[in-house]
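Chains as they are written, first to last, in the UniProt record's numbering: chain A, 1 to 572; chain B, 1 to 572. Here's the structure we're looking at; comments come further down.
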Ligand SMILES: Cc1cc2nc3c(=O)[nH]c(=O)nc-3n(C[C@H](O)[C@H](O)[C@H](O)COP(=O)(O)O)c2cc1C
Ligand SMILES: Cc1cc2nc3c(=O)[nH]c(=O)nc-3n(C[C@H](O)[C@H](O)[C@H](O)COP(=O)(O)O)c2cc1C
């Protein structure tokens, strides 16, 4: 405990609130007014395993170690603002890569040794030296099996069907060989249509997610299985039952990525009529998740009976699946609106984020941390996993050359025109992909020319103006422009050692807690990263060398065990 | 073709109707009035593989061989009645085990040999000699993993959890080792309640069926995976997508047992309000299955788009799962009402039947054959698989002794009282299970004292009167009575060779096309039958020795390939 300083322990109210602890004065049943002095009893939901500040990865350990060791900064439990503690102030360089802390004078350790800049340096380097044992400094990887996408290079001989189970199985086994945290399956409830037809440059089919994940769980042993399921078009009892079964079949490796698409285009597949008002999408999602958790907990000391009456659901009965290894599957969230972020801060444990540039990622982390603080949750109780792609070469030049080839294959002529049509809302098939941008502007009334697609951009007029300016500035053809704007930002390009170093850097900077690798070739595209990059990360000591000790997905993710009172507190 | 007789080929209208063939006169486009003579062209949906009457197991082969070989009897396509052909008349013995056919005189084979009783004997014995190659004379087995049940002997060391995946996996691997046709999972959408509480003598939980089956499909290679799913509380798009995915994951081994429970007790789990009127349960089921088949066929030469507007569903869109190996999973039906049987005759390929006594089974087969004829389907297009249990011993006496032990363990005191309460509709906990029946009669207004249970009996007053008479006649205690009336009728008791002989007999008598074995111990109860009875059946030459040649469940079941026009014709 090298950094333990002799300051009086600061009582961290945020921690108490978020754990739903019982406080009394000496007497457990004390109900009188607050008084000074006496004994404060605090209940934790789990054993305090390792309280070393360099290794502590869960709330229980942190709650204890924060009583006996100080940090450079603290966080105001009311506002989420980062406030001074051992550091009186700090400066951040313009590129956000250098942080300079001005330490408080006169602080000593309990044995009287003075607290200096060297103490801080030793502490931080100790984390790196600990390598994979330090959950604070490790790199985590997960794998995304793309369904609908514009990244697959179909011409590559390692590209195969996105429908046959054999492809999914190869992908899952490879990810598990690479000791990944989880597999991720997206969901599209209706095949995309473009100009009124199924979009044939796309994947033309998609099997049902839970059914595929359950089969994958049966042929793997440690990797998590994360499925995307919609909270608008599903029913809580059905989905909760399926997810609980998946958690059982997999021995505690299930996760649910909560998404809220609510449009009538998708709904027409399912329902007679009556689609959800967009404004209610996250209200329903929150109610849905809270009800699902109630169902998952319904066998804790009880017989599974439940009773739920809300604006969205009016059900009662008994839940048929007994308590599962994780109790609640891990909750993911994807969706970047304000309401989406608030929902994540209240209910989720992992965010699948679309932020790909380093700056963006850090700003997003800060934003999420503030929202977490506002509901009394700690930053490390919600992990952020952005999607990421990589291109390897034996030399950096070879990797760059391969990247150009891949981008060329990804953006073919008809694809470039279709991509532009999505924003322009017009038929542009008369234009030459190798010629300049269309002279006409976008038809904003026809913004749904492509249907069933997740729209991350809302204002197509602004997008079109930005693109036109860029094309004029750099003198780009349609295809060159699309190549430039459609690339998955932040792609890591280089030798395996270089790519490993970049993964490591991003983690150390806390630009991400882990990465969801989106290969440009499916199912064969993961082998290269597993065979070449993972060993480099292991050599750096920042990547696990076995799943030892992990039995559930929460273990893989270094998340605290599911805690009933926390989830209730936060969803209140 | 030893039985081919020289009678003029009889044109079988039933066959033509059920295949949806196109008929014209010499000219394919002939649309005039019917005339005598000319050419009749008939289209079949599959190749005519083997036309030997002793082996032919599918409609195409039968349709052809019926044009060149005669049978003892024919079936009237209008009424379903069995009418004379080579046999002028026949007598059936009182116990329905001996059929005496009176043959027509003066019939010769094409080579002039006279047709005699010996010809018929040789023909029938030829089927037995052919053994497993003759699909008409083979025994088929399937395995039922009981969820909710009153048969499990929990005290047996081979009894394990009905929830843990390991138990399901052991069961599935054993059934596949025994070359079974399929695994069968029942469904209970809400845990049973008895006197207002979850019924704790029962299994207290049940994982979701599709999720379990998909995981089982991933760890097996040939055995079919049949799941029970309700057509009242599911939505066609959701369930069709899940089942199509299961058919893909399993490589064509999926089946759906369509059930129609519609009560509000179950519905309260799911829906805000509005449960289906019982009278509509099979109307919705038929519409549901027809829509599901439309979805499964939506990629045949098309892009998956669909449009369906009916009393029950109003949906349009695109179906995301491309055509699967079986196109439509095999459709099973369970439910014994008149409407249920009609639904089976129109839409199902297998019936899971509750008829356990030999007489009952034959009467049921006859009833179903008539309903099939009425919609233009052949008897062998719908297989009947009753549930069956067995008890083995090294000697017959040992088996009988074991049977008594098993029944004693199955019917313990509190279980006997609860069983009686289900019919009496009253709290009978004050009565001694080893004493006489209660003096009070049933409270018929409280017939739902047990909720969530499939009620095969509708008139509890009559049941109670029957039981009382039986108890008085044989001087039975409550427990003895329940032991007598709750046993699964038709349990096969004996040495492995005796039990094999009984399976074989039942098949030869056409009392069943196959059997769904319901062990009294789960998951270990199947091993014994696989290790001891299956080899005996193989020795008799009536059981497959490998899955060779079977790739889909339809192959395992000797069903014809799924045929669009037939299904449309029949569901019209
Ligand atoms: C990175 C990312 C991936 C997503 N993947 C899916 C998906 O696979 N299926 C889906 O229906 N929605 C997906 N969405 C979520 C939808 O965008 C979201 O639930 C909905 O549109 C509303 O979100 P918002 O308004 O908060 O952005 C994804 C969102 C993000 C940011
Ligand atoms: C042998 C047998 C097994 C059945 N298994 C189930 C089951 O597992 N789950 C279920 O919901 N219904 C099951 N049922 C079906 C229901 O009885 C049926 O769908 C519904 O009650 C209406 O059927 P009916 O009125 O035609 O008898 C089964 C029926 C039979 C005959």
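The C-beta atom is built at its ideal place from N, Cα and C for all residues, glycine as well.
- Relative to ligand 2, even the nearest heavy atom lies 7 Å or more away from the CB of residue 166 (chain A).
- Placement of the Cβ of residue 230 (chain A) at a distance of less than 7 Å from at least one heavy atom of ligand 1 is found.
- Counting along the chain, residue 163 (chain A) sits inside no alpha helix (DSSP H), nor does DSSP assign it H or E at all.
- Closest in alpha carbon position to residue 451 (chain B), among B:498, B:43, B:262, is B:262.
- DSSP lists no beta-bridge partner residue for residue 446 (chain B).
- For the C-beta of residue 316 (chain A), the chain B residues within less than 7 Å are, from N- to C-terminus, 268.
- At least one beta carbon of chain B lies nearer than 8 Å to the beta carbon of residue 188 (chain A).
- Across the structure, residue 562 (chain B) and residue 479 (chain B) are spaced so that their CA atoms are roughly 48 Å apart.
- For the segment 242-254 of chain B, the set of residues with a beta-carbon nearer than 9 Å to any beta-carbon of chain A comprises 242, 243, 244, 245, 246, 248, 249, 250, 251, in chain order.
- Among the CB atoms of chain B, one or more fall inside 8 Å of the CB of residue 211 (chain A).
- Taking C-alpha positions only, residue 113 (chain A) is separated from residue 37 (chain A) by approximately 30 Å.
- The segment 401-419 of chain A and the segment 376-384 of chain A do not touch, with fewer than three beta-carbon pairs separated by less than 8 Å.
- At least one heavy atom of ligand 2 is found less than 7 Å from the C-beta of residue 337 (chain B).
- DSSP places residue 269 (chain A) outside both helix and strand once states are collapsed to three, so it counts as coil.
- Three or more Cβ pairs closer than 8 Å define a contact, and the segment 252-262 of chain A meets that threshold against the segment 221-232 of chain A.
- It is roughly 39 Å from the alpha-carbon of residue 117 (chain B) to the alpha-carbon of residue 343 (chain B).
- A:292 is the residue among A:310, A:193, A:292 whose C-alpha sits nearest the C-alpha of residue 239 (chain A).
- In the DSSP assignment, residue 247 (chain A) falls within the unbroken alpha helix (DSSP H) covering 236-249.
- For residue 229 (chain A), the uninterrupted beta strand (DSSP E) run begins and ends at 224-230, by DSSP.
- Residue contact check for residue 288 (chain B) against chain A: no CB pair falls below 8 Å.
- In the three-state scheme derived from DSSP, where H, G and I count as helix and E and B as strand, residue 281 (chain A) is classed as helix.
- Exposure of residue 154 (chain B) is indicated by the presence of fewer than 16 other C-beta atoms within 10 angstroms of its C-beta.
- Residue 246 (chain A) is a Cβ neighbour of residue 217 (chain A), given a cutoff of 8 Å.
- Not one heavy atom of ligand 2 falls within 7 Å of the beta-carbon of residue 373 (chain B).
- Proximity of residue 351 (chain A) to chain B, defined by a Cβ-Cβ separation below 8 Å, is not satisfied.
- In the three-state reduction of the DSSP assignment, residue 143 (chain B) falls in the strand class, which pools E and B.
- Annotation for residue 281 (chain A) indicates a beta carbon within 7 Å of some heavy atom of ligand 1.
- Here residue 513 (chain A) is not near residue 282 (chain A), since their CB atoms are 8 Å or more apart.
- Residue environment: residue 93 (chain A) is assigned as exposed (fewer than 16 neighbouring CB atoms within 10 Å of its CB, all protein chains considered).
- Per DSSP, the unbroken beta strand (DSSP E) holding residue 89 (chain B) starts and ends at 87-92.
- A residue is called buried once 16 or more other Cβ atoms fall within 10 Å of its Cβ, and residue 437 (chain B) is buried on that count.
- Judged by DSSP secondary structure, residue 478 (chain A) falls outside any beta strand (DSSP E) and instead within the alpha helix (DSSP H) spanning 478-486.
- Here DSSP, grouped into helix, strand and coil, assigns residue 82 (chain B) to strand.
- With a threshold of 7 Å, the Cβ atom of residue 352 (chain B) counts as near ligand 2, since some heavy atom of the ligand is closer than that.
- Of all residues in the segment 165-183 of chain B, only 165 place a beta-carbon less than 7 Å from a beta-carbon of chain A.
- A buried status is given to residue 406 (chain A), since no fewer than 16 other beta-carbon atoms sit within 10 Å of its beta-carbon.
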